[in-house]
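Engineer:
Number of protein chains: 2
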Amino acid sequence: MEYTEALREILGKNVIFDTVEKIPYMTDASAFNGKEPIAVALPETVDEVKQLLAFCNSNKIFVVPRGGGTSLTGASIPLENFIVLSMAKFNRILSISPADRYVVAEPGLRLDELNDKLSEINFFYPPDPASSMAATVGGSISTNAGGLRASMYGTTKEWVLGLEVVLPDGSSMITGGRVLKRSAGYDLTALFVGAEGTLGIITKAFLKIWPKPEATGRILAYYDSIEKIGLAIRNIKASGITPLIAEFLDRITMDSLNIAKGMSFPAAASYMLILDVASTDLSIAGDLEKTANMLRDLNPIEISITRDPDEMARIYEARKGAYSSLLKVRKSSSQRVIIGDVVVPASELPAALKEIAGKAEELGIMVALFGHISDGNIHANIFAEPGNAESMSKEEEFQKHLGKVALEHGGSVSAEHGIGIEKKDLLLDQEKFTSSDVAIDIMRKIKQAFDPNGIMNRGKIFD
Amino acid sequence: MEYTEALREILGKNVIFDTVEKIPYMTDASAFNGKEPIAVALPETVDEVKQLLAFCNSNKIFVVPRGGGTSLTGASIPLENFIVLSMAKFNRILSISPADRYVVAEPGLRLDELNDKLSEINFFYPPDPASSMAATVGGSISTNAGGLRASMYGTTKEWVLGLEVVLPDGSSMITGGRVLKRSAGYDLTALFVGAEGTLGIITKAFLKIWPKPEATGRILAYYDSIEKIGLAIRNIKASGITPLIAEFLDRITMDSLNIAKGMSFPAAASYMLILDVASTDLSIAGDLEKTANMLRDLNPIEISITRDPDEMARIYEARKGAYSSLLKVRKSSSQRVIIGDVVVPASELPAALKEIAGKAEELGIMVALFGHISDGNIHANIFAEPGNAESMSKEEEFQKHLGKVALEHGGSVSAEHGIGIEKKDLLLDQEKFTSSDVAIDIMRKIKQAFDPNGIMNRGKIFD
Chain P
836 MEYTEALREI LGKNVIFDTV EKIPYMTDAS AFNGKEPIAV ALPETVDEVK QLLAFCNSNK
896 IFVVPRGGGT SLTGASIPLE NFIVLSMAKF NRILSISPAD RYVVAEPGLR LDELNDKLSE
956 INFFYPPDPA SSMAATVGGS ISTNAGGLRA SMYGTTKEWV LGLEVVLPDG SSMITGGRVL
1016 KRSAGYDLTA LFVGAEGTLG IITKAFLKIW PKPEATGRIL AYYDSIEKIG LAIRNIKASG
1076 ITPLIAEFLD RITMDSLNIA KGMSFPAAAS YMLILDVAST DLSIAGDLEK TANMLRDLNP
1136 IEISITRDPD EMARIYEARK GAYSSLLKVR KSSSQRVIIG DVVVPASELP AALKEIAGKA
1196 EELGIMVALF GHISDGNIHA NIFAEPGNAE SMSKEEEFQK HLGKVALEHG GSVSAEHGIG
1256 IEKKDLLLDQ EKFTSSDVAI DIMRKIKQAF DPNGIMNRGK IFD
Chain L
836 MEYTEALREI LGKNVIFDTV EKIPYMTDAS AFNGKEPIAV ALPETVDEVK QLLAFCNSNK
896 IFVVPRGGGT SLTGASIPLE NFIVLSMAKF NRILSISPAD RYVVAEPGLR LDELNDKLSE
956 INFFYPPDPA SSMAATVGGS ISTNAGGLRA SMYGTTKEWV LGLEVVLPDG SSMITGGRVL
1016 KRSAGYDLTA LFVGAEGTLG IITKAFLKIW PKPEATGRIL AYYDSIEKIG LAIRNIKASG
1076 ITPLIAEFLD RITMDSLNIA KGMSFPAAAS YMLILDVAST DLSIAGDLEK TANMLRDLNP
1136 IEISITRDPD EMARIYEARK GAYSSLLKVR KSSSQRVIIG DVVVPASELP AALKEIAGKA
1196 EELGIMVALF GHISDGNIHA NIFAEPGNAE SMSKEEEFQK HLGKVALEHG GSVSAEHGIG
1256 IEKKDLLLDQ EKFTSSDVAI DIMRKIKQAF DPNGIMNRGK IFD
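For the record, the sequence lines run as chains P and L. Each residue of the first sequence is one higher than the one before, counting from 836 in the numbering used here. Each residue of the second sequence is one higher than the one before, counting from 836 in the numbering used here.
So this is what it looks like as structure tokens:
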């Protein structure tokens, strides 16, 4: 390989050239297949990152940054003429300041590891994508990850105070920092949140942290229609109650959790709602009861309340494992479950979900629905055969329909998984729908400002 | 005037050419004096905004957008060859959706008017700059306004879901929108937050709203040193209590409130702390007591707790009027009170405040200190004589020192008032301190992407 010597000089032992060793870096959690990269770099210092980017920039080698490899849209796979830049060795917490409400963390740190550490002082970092066991600080910033607790705490963009980044030319800058307030020029931090690695490499993050709620409790409610859940959530939110989490699962998902985790659910239930309430020790019982009464108004098949931490942890982990549980109900091992991710205003959910379910029926495909109902975030999980052209064309048509439904109901074609390779056309559809091509044109110019040679994750978000 | 006819054609009666009528548009709340603008435009429709910008862009006329004119850094004054674009006629609330937690508002709407309306359904829009009586949606977005409640709710950037904006070439786009989650390309909404009108004109805003806290209470505590307040805040925040607001006032400010509003304070008090706690009806009394005990640990001169709404409103309005009250203790009517605005991590406050007070003493100038102590946000109010060169040179030296202190303690030269004209050099200092000139260079390129002719608020933030 023509670059071997130069890369060895920059990275020493921190680089992989062996084809077999590269294999884990060629895929992510999406259905896309990557190409064999020129090399996989695993730098240990910011200086190595700088030298590597400057080298790639000079030689027009494309670079895909890699965190936990949990992208569901192909954002972390290498394409032709790529180097994979894994940030796995940047995995430390550098400082924690509960008084100032921030941590300084490296991008390769896993979210669960960060939260285990913060838990010791009764604090937490709210963004919690279902993949938090493997997802990293850098990766979750780069997709503006949401997750279950976004209902109360918003998405990643509200929790990033600042970044240290290396730009494609090898220069570096610090955006934002340790303070909770700042009004000093354009918010460059925000540009990196959701940029999917197309602007530069995050080498350090200043993250806002928050005290854990004093008391939490959980309501499980089962209904025969999604409309009822949608109405209940609308009533609850309009009344001024903000659920800590509010998740819905359809029957296919419940059945898969039964098979994968041995959980059981009422036979008559078509949809399940998991709703957490946060409050104070003195008020939690009353707040749960008040919320449960609003759910009772919509005639649930069954409803229960728990404050048992073990029971709550079990259900939480089950919900987080919903996607992987669906793999157990595939018709064959060649089937894949391709997860859709769209968002509408929560009050539009009943109508939007009805249209989505109708499209699945029309196409004759199996689709499992679950999602973060408090945010209006729907995950439609399509069972498809990557080797079967008809199946994949239906999958594509369904995804396009999902995007259309989201836009027509005032939402977005991607809520928390990003664009990657999968949704490039949908992003263009979205921008045409709202702004003709003005916004896309501005985004391209911003990309150009950071990365004039177009080396950063080329082929993702835009071409 | 050579442009009169063309502007009349675009704006009809919605344009001012008369010199006397232009006067109110030549200044803002800062000490800077503007030039007479070519005209003051007061458009009523988005189409008028588009036509006006396209006309200015073709004719290289510079445009300063104007909201409530409450800028403290000169961001809203016209310079040479400017048109003032007042958004005063865009002052409606277009829709309110408590279930989906958003409002759609026009940029000229005053923040207090928005919150009066939301109050009717027990919701609110958290950002509350002290100028909220006059400050507008568009202006507060454009400076990423903070205010008292930022301690718990963060700054404006966390509350803007999307924008409709008109770009300098007369095109328009919608960024973000009605949904709470979104991961679809670069966050263009965030770029407009804090851009001080240098990128385009905001014509509509999608704002997140939130239910009011169930119960609140207030603690007033007086101390003989700022170190004690700083320590108390550090202990309170580290323990997991998040104050709803936490404000400190120094003796000069207390005295001015005595003169301006007839309020009285303990004679021995050098510093006052106003700390609000939010909780549930059942827990508020206990939470106030727990917080007060942490304040008692630092030996206050006096401490009291109130839950009386009238008493609380009176103190809140007094704190919001602190800056204007200072005008009453000026030595002469030619003096101005120039407000500084810097931020450090809260735990750095005792050291930072000591250095700041020391510098005022060294220069022999009168400086009143107050601010949002929970955020580490210090407002140093300098009594200066605009006509006196020595006084102004001391004011400048003091402001420069403030910025230096902020940077050395890990903070920012501007917390919530922006850069405007006043802090252009300080912004350069800040970027040199953190990133050499990489970030400023990127910011300039972003400006260029939106506004290639440099017509939008030229001479602010950057040259």
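All C-beta atoms in this analysis are idealised placements derived from N, C-alpha and C, irrespective of residue type, glycine included.
Establish whether the CB of P933(P) and some CB of chain L are separated by less than 7 Å.
Structural biologist: At least one chain L Cβ lies under 7 Å of P933(P).
Engineer: May I have the straight-line CA-CA distance separating E856(P) from A874(P), to the nearest angstrom?
Structural biologist: Computed Cα separation, rounded: 10 Å.
Engineer: Please classify G1121(P): is it buried, with 16 or more other beta-carbons within 10 angstroms of its beta-carbon, or exposed?
Structural biologist: G1121(P) comes out exposed.
Engineer: Verify the CB distance criterion: does I1009(P) have a CB-CB separation below 7 Å to chain L?
Structural biologist: Closer than 7 Å: yes.
Engineer: Taking 7 Å as the threshold (C-beta atoms), are Y1106(P) and Y1058(P) in contact?
Structural biologist: Result yes, Cβ atoms of Y1058(P) and Y1106(P) sit closer than 7 Å.
Engineer: Mapping the DSSP letters down to three states, classify D1085(P) as helix, strand or coil.
Structural biologist: Strand at D1085(P).
Engineer: Determine the chain P residues that contact V1164(L) at a beta-carbon separation under 7 Å, and present them in chain order.
Structural biologist: Correct list: empty, because the minimum Cβ distance to chain P is about 27 Å.
Engineer: Please report the residue range of the alpha helix (DSSP H) in which G1121(P) lies.
Structural biologist: Unbroken alpha helix (DSSP H) run through G1121(P): I1119 to R1131.
Engineer: In the DSSP assignment, the alpha helix (DSSP H) including G974(L) goes from what residue to what residue?
Structural biologist: That run of the alpha helix (DSSP H) goes V972 to S977.
Engineer: Rounded to a whole number of angstroms, what is the C-alpha to C-alpha distance between S1271(P) and I1009(L)?
Structural biologist: S1271(P) and I1009(L): Cα-Cα distance of roughly 9 Å.
Engineer: Would E1251(L) pass as an interface residue toward chain P - the criterion being a Cβ-Cβ separation below 7 Å?
Structural biologist: E1251(L) counts as touching chain P.
Engineer: List the whole-angstrom C-beta distance separating Q1036(P) from L888(P), where the pair is believed to meet the contact cut-off of C-beta under 8 Å.
Structural biologist: Going by the sequence as given, residue 1036(P) is Ile instead of Gln. The pair is a contact, with the Cβ atoms about 7 Å apart (cut-off 8 Å).
Engineer: Could you pull out every residue in the same chain whose Cβ sits closer than 6 Å to the Cβ of G904(P), ignoring the five residues on either side in sequence?
Structural biologist: The residues are D863 and S911.
Engineer: Anything in the region 1253-1278 of chain L with a Cβ closer than 7 Å to a Cβ of chain P? List those residues in chain order, please.
Structural biologist: Correct list: G1253, I1254, L1262, Q1265, T1269, S1270, V1273, A1274, I1277 and M1278.
Engineer: Return the first residue and the last residue of the alpha helix (DSSP H) that F1218(L) is part of.
Structural biologist: Per DSSP, F1218(L) belongs to no alpha helix (DSSP H); it is in the beta strand (DSSP E), N1212 to A1219.
Engineer: For S921(L), which residues does DSSP report across the bridge?
Structural biologist: Beta-bridge pairing links S921(L) to R901(L).
Engineer: How would you list, in chain order, the residues of chain P whose beta-carbon sits under 9 Å from the beta-carbon of N1212(L)?
Structural biologist: Those within 9 Å of N1212(L) in chain P are V1014, L1015 and K1016.
Engineer: Measuring CB atoms only, is the region 1070-1081 of chain P touching the region 1018-1033 of chain P, in the sense that at least three cross pairs come out at less than 8 Å?
Structural biologist: Too few Cβ pairs lie closer than 8 Å, so no.
Engineer: State the DSSP-derived secondary structure class of M1201(P), mapped to helix, strand or coil.
Structural biologist: In this structure, M1201(P) counts as coil in the three-state DSSP scheme.
Engineer: If we count the other Cβ atoms within 10 Å of its Cβ and call it buried at 16 or more, is E1230(P) buried or exposed?
Structural biologist: The residue in question, E1230(P), is buried, as its Cβ has 16 or more Cβ neighbours within 10 Å.
Engineer: Counting only the same chain and skipping the five closest in sequence on each side, list residues whose C-beta sits under 7 Å from that of A1127(L).
Structural biologist: I1054, I1138 and I1140, listed in sequence order.
Engineer: Under 9 Å between beta-carbons, which chain L residues line up against S1118(P)? List them in chain order, please.
Structural biologist: Those within 9 Å of S1118(P) in chain L are E1049, S1114, T1115, D1116, L1117 and S1118.
Engineer: May I have the straight-line CA-CA distance separating S1182(L) from R1017(P), to the nearest angstrom?
Structural biologist: Rounded to the nearest angstrom, the two C-alpha atoms are 17 Å apart.
Engineer: So, does the region 1259-1270 of chain P touch the region 1206-1213 of chain P, judging by three or more C-beta pairs under 8 Å?
Structural biologist: No, they do not touch.
Engineer: Please state whether the Cβ-Cβ distance between N1216(P) and A1203(P) is less than 7 Å.
Structural biologist: Yes.
Engineer: If you follow the alpha helix (DSSP H) that E1172(P) is in, where does it begin and where does it stop?
Structural biologist: The identity of residue 1172(P) in the sequence shown is Val, whereas the question assumes Glu. First-last for V1172(P): R1171 to I1174, but that is the beta strand (DSSP E), not the alpha helix (DSSP H).
Engineer: Here's the rule: buried if 16 or more other CB atoms are within 10 angstroms of the residue's CB, otherwise exposed. What is T1038(L)?
Structural biologist: Classification of T1038(L): buried, given that the 10 Å Cβ count is 16 or more.
Engineer: Taking Cβ-Cβ distances below 7 Å as the criterion, which residues of the region 1017-1048 of chain P are in contact with chain L?
Structural biologist: Listed by position, the residues of the region 1017-1048 of chain P near chain L (Cβ gap below 7 Å) are R1017, S1018, A1019, G1020, Y1021, D1022, L1023, A1025, L1026, V1028, G1029, A1030 and P1046.
Engineer: When you compare the CB positions of A814(P) and K1096(P), do they come within less than 7 Å of one another, or not?
Structural biologist: Not covered by the structure: residue 814(P). The range shown for chain P is 836 to 1298.
Engineer: Work out the CA separation of G909(P) and G1193(P) for me, nearest whole Å.
Structural biologist: Approximately 28 Å between the Cα atoms of the pair.
Engineer: Would you check if the region 1173-1182 of chain L and the region 1232-1247 of chain L touch, i.e. whether three or more CB-CB distances between them fall below 8 Å?
Structural biologist: Result yes; three or more Cβ-Cβ pairs closer than 8 Å.
Engineer: What separation, rounded to the nearest whole angstrom, lies between the Cα atoms of I1191(P) and E1082(P)?
Structural biologist: If I take the Cα positions, the gap works out to 18 Å.
Engineer: Would you give the residue range spanned by the alpha helix (DSSP H) that D853(P) belongs to?
Structural biologist: From DSSP, D853(P) is part of no alpha helix (DSSP H); its letter is neither H nor E.
Engineer: Which bits of chain P does I1281(L) rub up against, with CB to CB less than 7 Å?
Structural biologist: Those are Y1021, I1281 and A1284, listed as they occur along chain P.
Engineer: Consult DSSP for Y937(L) and reduce its assignment to one of helix, strand or coil.
Structural biologist: Note: Y937(L) maps to strand in three-state DSSP.
Engineer: With a threshold of 8 Å on Cβ separation, who are the neighbours of N868(L) within its own chain once the five nearest residues in sequence on each side are excluded?
Structural biologist: Counting only Cβ-Cβ distances below 8 Å, and skipping sequence neighbours, we find M861, T862 and I912.
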